[in-house]
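Asks: So that we are looking at the same thing, I have put the structure below in structure tokens.
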Amino acid sequence: MPLQTGLSAFSEWLVGYRLLSEGLVISTAFAAAAVLTFIIISRATGSLLIALAGALLEVAIAPRTYSYPKLVVYAAGIVLLWRYVDRPSNRRAVELGIATALAFYLRHDHGLYLGLLAVAVMAMRHGRSLCAAVQQVAVLAATCVLLVAPFFAYIEVYGSVRDYVADLRQF
Numbered sequence: 006m007p008l009q010t011g012l013s014a015f016s017e018w019l020v021g022y023r024l025l026s027e028g029l030v031i032s033t034a035f036a037a038a039a040v041l042t043f044i045i046i047s048r049a050t051g052s053l054l055i056a057l058a059g060a061l062l063e064v065a066i067a068p069r070t071y072s073y074p075k076l077v078v079y080a081a082g083i084v085l086l087w088r089y090v091d092r093p094s095n096r097r098a099v100e101l102g103i104a105t106a107l108a109f110y111l112r113h114d115h116g117l118y119l120g121l122l123a124v125a126v127m128a129m130r131h132g133r134s135l136c137a138a139v140q141q142v143a144v145l146a147a148t149c150v151l152l153v154a155p156f157f158a159y160i161e162v163y164g165s166v167r168d169y170v171a172d173l174r175q176f
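Under my numbering, the final residue of the sequence shown carries the number 176; numbering is consecutive throughout.
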């Protein structure tokens, strides 16, 4: 969870070592997730009232504070996937790759899930056009590799990727 830890550390640097710093990170993430949920629901239903009710419901259920990455990652992922489905392009595949890498840095399994979902959506969107699907998945994969490779290089320099993966399995 390097990005989650980094966000907390940045917030502490910004406002000082106190609970306020973590509260700012969490409340900002919850607010972003609520806005993204509103956008998704309004787009899906065409109703601002239903979208508002959905966003308020998300806030009202009072999710665990440590779960903020789940809300933000998947809400942002759905928005980006929807944008890709509407108008596929290399740029939108890169945006999905960036989102997948950020999800990976928040928590590795979130990156894996969002990446697999993006591949599935790309394959379905391009249907029988295997060439287009492969090209777009390659753009997604290249973006992810470029953004995640420095992390694994760091892990290898200061330890070992093999030990890191073994530790993850135990966790």
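Note that beta-carbon positions come from the ideal geometry of N, C-alpha and C, so glycine has one too.
1) What number of angstroms, rounded off, separates the C-alpha of residue 152 from the C-alpha of residue 107?
2) Using a Cβ-Cβ cut-off of 7 Å (strictly less than) and excluding sequence neighbours within five positions of residue 8, which residues of its own chain qualify?
3) Express the C-alpha separation of residue 99 and residue 159 in angstroms, rounding to a whole number.
4) Among 163, 82, 71 and 62, whose alpha-carbon lies nearest the alpha-carbon of residue 31?
5) Report all residues from its chain with a CB closer than 7 Å to the CB of residue 88; omit the five preceding and five following residues, and keep chain order.
6) Going by Cα to Cα distance, which pick from 122, 156, 20 and 161 is closest to residue 142?
7) Near residue 77, which residues of its chain fall below 7 Å by C-beta distance, leaving aside the five closest residues on each side in sequence?
8) Suppose the cutoff is 7 Å on Cβ atoms and the five residues either side in sequence are ignored; what does the same chain contact list for residue 84 look like?
9) Tell me which residue opens and which closes the alpha helix (DSSP H) that residue 70 is part of.
10) Return the Cβ separation of residue 104 and residue 119 in integer angstroms, given the expectation that the two are a contact with Cβ distance under 8 Å.
11) Under 6 Å Cβ to Cβ from residue 50, same chain only, skipping five residues before and after it: list those, please.
12) Quick one: Cα of residue 125 to Cα of residue 137, how far?
13) When the distance is taken between beta carbons, is residue 29 closer than 8 Å to residue 16?
14) Alpha helix (DSSP H) containing residue 3: first to last residue?
15) Where does the unbroken alpha helix (DSSP H) through residue 16 begin, and where does it stop?
16) Identify whether residue 157 lies in helix, strand or coil by the three-state DSSP scheme.
17) Which same chain residues end up closer than 7 Å to residue 74 when comparing Cβ atoms and leaving out the 5 residues on each side of it in sequence?
Replies: Concretely, from the data shown:
1) Looking up residue 152 in the sequence shown gives position 147. Looking up residue 107 in the sequence shown gives position 102. Looking at the two C-alpha atoms, the distance is approximately 9 Å.
2) As a first step, residue 8 must be located in the sequence shown, where it is residue number 3. Excluding positions up to five away in sequence, the list reads 107, 110 and 111.
3) Along the sequence shown, one-based indexing puts residue 159 at 154. Along the sequence shown, one-based indexing puts residue 99 at 94. Cα to Cα, residue 159 sits roughly 23 Å from residue 99.
4) Residue numbering aside, residue 31 sits at position 26 when the sequence shown is read from its first letter. It is 71 whose Cα lies nearest to the Cα of residue 31.
5) Position 83 of the sequence shown, counted from the start, is the residue given in the question as residue 88. Counting only Cβ-Cβ distances below 7 Å, and skipping sequence neighbours, we find 97.
6) Here residue 142 refers to the residue found at position 137 when the sequence shown is read from its first residue. Considering only alpha carbons, the answer is 122.
7) Indexing the sequence shown from 1 puts residue 77 at position 72. Answer for residue 77: 34, 37 and 38, listed in chain order.
8) Taking the first residue of the sequence shown as 1, we reach residue 84 at position 79. Excluding sequence neighbours, residue 84 sits near 41, 44 and 45.
9) In the sequence shown, residue 70 corresponds to position 65, counting from 1. Neither: residue 70 is in no alpha helix (DSSP H) and is coded neither H nor E.
10) Counting from one through the sequence shown, the residue named residue 104 turns up at place 99. Counting from one through the sequence shown, the residue named residue 119 turns up at place 114. Correct: roughly 7 Å between the Cβ atoms.
11) Sequence index remark: in the sequence shown, residue 50 carries index 45 (1-based). If we look at residue 50 and ignore the five residues flanking it on each side, it has no Cβ neighbours.
12) Within the sequence shown, numbered from 1, the residue matching residue 125 stands at position 120. Within the sequence shown, numbered from 1, the residue matching residue 137 stands at position 132. Rounded to whole angstroms, residue 125 to residue 137 spans 13 Å at the Cα level.
13) Position 11 of the sequence shown, counting from 1, holds the residue named residue 16. Position 24 of the sequence shown, counting from 1, holds the residue named residue 29. In this structure, residue 29 lies closer than 8 Å to residue 16 by Cβ.
14) Outside the displayed range of the chain (6 to 176) lies residue 3, so it cannot be described from this structure.
15) Locating residue 16 in the sequence shown gives position 11, counting from the first residue. Note, residue 16: alpha helix (DSSP H), 7-20.
16) Position 152 of the sequence shown, counting from 1, holds the residue named residue 157. DSSP places residue 157 in helix when its eight states are reduced to three.
17) As a working note, residue 74 is residue 69 in the sequence shown. Taken in chain order, the residues that qualify are 9, 111, 112 and 115.
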